[in-house]
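Take a look at the structure below.
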Amino acid sequence: MINNGYGIVDGHKDSLGCDMQALIRRLYPICRSITGEGVRQTISILKEYLSDIHVHEVPSGTPCFDWVVPKEWNIRDAYVVDPNGNKIVDFKKLNLHVVGYSIPVDKTVTLDELQEHLYSLPDQPAAVPYVTSYYKERWGFCISDDQRRILKPGMYHVYIDSDLKEGSLTYGEAILPGESTKEVFLSTYVCHPSMANNELSGPAVTAFLGRWLKSLSRRRYTYRIIFIPETIGSILYLSRNIEVMKRNVVAGFNVTCVGDDRAYSYLPSREGNSLADKVAKHVLRHHAPNYISYSFLVRGSDERQYCSPGVDLPVCSIMRSMYGSYPEYHTSLDDLNLVTPAGLYGAYEALQKCLWSIENNKFLKTAILCEPKLDKRGLYPSVGVIKMPEQSLVDMMNLIAYADGSRSLLDISDIINIPMWEAVNIAERLLNKGVLKEEDPGV
C-alpha cells in the first residue's frame, strides 16, 4: 500500500488501473440482464474482490412500489441461419445480438418477417445496438446496419434457446460498519451484457473502492454498497430499505460510466445542494477542473429513483464520459478498447477523494481569541520579513480565520480555495498544537 497524500491506496496507480481493467475483462463475456444467471455469475466474481457482498434473491412477482419483480430470464444460445446455410448472427460470439428478454423461438421465416424482428442503427452502420424488451414478451435480433442491408431474399432459420419463468431477481449488498450509524451510499448496476464502459466500469471501480474502505483502520461512517440491476433493482432496494436510508444516508454516489479517459462529468442530485453535491464539485474542481457539469434534467440512471420526490436521498454522480454523451454508448462499440487503466484509476481516485473528504469533514473552532501566536508553536517564522508569507502560511491563517464552529472544513476549503486534502493536513497540525478544537456538528 502507498500513501498518496490524502489517504491509503491499495497499490500503485498504474497497477490498480490495470487490476480494474483485468476484472472488466473477466466480466465482459457474461450475458447479463435484470435477472438470471449472468447477474449471479457477475456478483460471484465481484465477491472475490469484496468478500463482504451478501447476495439477495427476491422472488418474481414481489411488489415494489408501482412495480413488481419480473420473471427470471436466462439464455443459452441463439442464431440466424441464412438461405445458404451460413450462420450470420451468433449469440455465442456477441451476446448483444439478441434482444434482451427474448422469448424462445425456433422456426423458419421469410426475410420480410425477419426484418420485423431486426434492430440496427442506420446512423452507426458498423455498430450492433443494445435493445431490450423486459416488460413485453417478444423476440428479436440486433445486427449492424451494414449487415442488414446485404441480406438476400429467402428463408431464414431463427433460433433462440431461452426461458422466461418464475424465479428471482438477484442483487449484492455490502455493509461496512463505521463508528456512526450515519451512512455513505454507493450504488452501481450489473444488468447489461457486454458493454465495457456503460456496464462494467461501475461495478469494477465500486468493488475496488469497497476494498479500500474495508482496509481503513478507522471508518467514521458506515458504508452501504449495492450491486443491482438498473431501475427495477433500485426501486426494489428502496422498497425494502427506504426508511433506514432516509434516516441515515448523509451522502451517496451512483457509479456508472467511469472507465474511459475522455472527460470527467458531474450530474447533481435533484436539489443540487447535498453534501454529496458539494464534495463532488469540490473534488472535481481540484482533481479535474475542466469537468462537464450536467443538469438533473438530463438524468438517466438510478439517480431517477434515489432523488425522486418522497425518497429525496442525497445522491449525485461523478462519471467520465456521461452515459448517452459518447458515440459508443449502448452499442457493440462500447468494448474493451474503450476503458483504460488511466480512465478507471482517474474515476476511482476522484470518488476516493470524495469519500475521504466526507470522512474528514470536521467542524472546527479556534481555541484562542484573536490571532494565535503561531511562532511559539513552531507554525510561523520567528524572524520577521517584509514580503508576504508563503502561500502555505496564508492558507493556515485563512483557515483559522473561518474556523468559528459554524462551518465544516469542506466549507472552509471552498472559501479559501484550497483542496480538502490540503486543508485536512493544515487542520491536523493546528489541532495538535491546540490552536483549533473540534466541534460536534450533531451528526
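Read in order, the letters of the sequence shown are residues 4 to 446 in my numbering. Virtual Cβ for every residue (Gly too), placed ideally from N, Cα, C. Quick caveat, the model's predicted, so the values are computed rather than measured.
Within the region 242–268, the runs of beta strand (DSSP E) that reach at least 3 residues and sit entirely inside it are, in chain order, 252–257. Listed in chain order, the non-local C-beta contacts of residue 221 below 8 Å within the same chain comprise 182, local neighbours out to five positions each way being set aside. Positions of the beta strand (DSSP E) runs, each at least 3 residues long and wholly inside the region 89–144, are given as 90–93, 108–113 in order along the chain.
Residue 62 is bridged by DSSP to 171.
Distances from the CA of residue 178 to each of 152, 213, 154 were compared; the closest alpha carbon is that of 213.
Fewer than three Cβ pairs drawn from the region 44–59 and the region 136–143 lie within less than 8 Å of each other, which leaves the two stretches out of contact. Residue 201 has its alpha-carbon roughly 16 Å from the corresponding atom of residue 103. In this structure, DSSP gives residue 410 an extended state, which the three-state scheme calls strand. Residue 177 carries a strand assignment under DSSP once its states are collapsed to helix, strand and coil. Here residue 242 has 67, 68 as same chain residues with Cβ atoms under 6 Å from its own Cβ, once five neighbours each way along the sequence are excluded.
Relative to the Cα of residue 268, the nearest Cα in the group 429, 18, 286 belongs to 286. Contact between residue 234 and residue 305 is confirmed by a C-beta separation of about 7 Å, below the 8 Å threshold. Per the coordinates, the alpha-carbon of residue 162 lies some 12 Å from the alpha-carbon of residue 91. Taken through DSSP and simplified to helix, strand or coil, residue 75 comes out as strand.
For the pair of segments examined, the region 17–29 was found to touch the region 342–351: the number of CB pairs separated by less than 8 Å reaches three. Around residue 209, the same chain offers 189, 191, 258 as residues with beta carbons nearer than 6 Å, after the five sequence neighbours per side are excluded. According to the DSSP assignment, residue 227 belongs to no alpha helix (DSSP H) but to the beta strand (DSSP E) extending over 225–231.
Between the alpha carbons of residue 308 and residue 61 lies a gap of roughly 19 Å.
A residue is called buried when at least 16 other Cβ atoms come within 10 angstroms of its Cβ; residue 418 does not meet this threshold and is exposed. The way I'd put it, the region 98–116 does touch the region 143–155; three or more beta-carbon pairs between them come closer than 8 Å. In this structure, residue 427 lies near residue 363, with their beta-carbon atoms less than 8 Å apart.
Segment contact: the region 392–412 against the region 358–377, three or more CB-CB distances shorter than 8 Å; contact assigned. Distance from the CA of residue 107 to the CA of residue 355, rounded to the nearest whole angstrom, comes to 44 Å. Counting only runs that start and end inside the region 294–350, the beta strand (DSSP E) elements of at least 3 residues fall at 318–322. A residue is called buried once 16 or more other Cβ atoms fall within 10 Å of its Cβ, and residue 252 is buried on that count.
The beta carbon of residue 429 lies closer than 7 Å to those of 398, 399, 402 in the same chain, with the five residues before and after it left out. Under the three-state reduction of DSSP output, residue 38 falls in the coil class, being neither helix nor strand. Cα atoms of residue 396 and residue 416: separation of roughly 15 Å, rounded to the nearest angstrom. Taking C-beta separations shorter than 6 Å and ignoring five residues to either side along the sequence, residue 96 has no partners in its chain.
In this structure, the beta-carbon distance from residue 187 to residue 262 does not fall below 8 Å. Around the C-beta of residue 109, fewer than 16 other C-beta atoms lie within 10 Å, and the residue is accordingly described as exposed. In this structure, DSSP gives residue 69 a state outside helix and strand, which the three-state scheme calls coil.
By the Cβ neighbour-count rule, residue 327 is exposed, with fewer than 16 other Cβ atoms within 10 Å of its own. Closest in alpha carbon position to residue 336, among 313, 375, 126, 130, is 130. Residue 45 is a Cβ neighbour of residue 33, given a cutoff of 8 Å. Counting along the chain, the unbroken beta strand (DSSP E) around residue 442 starts and ends at 439–442.
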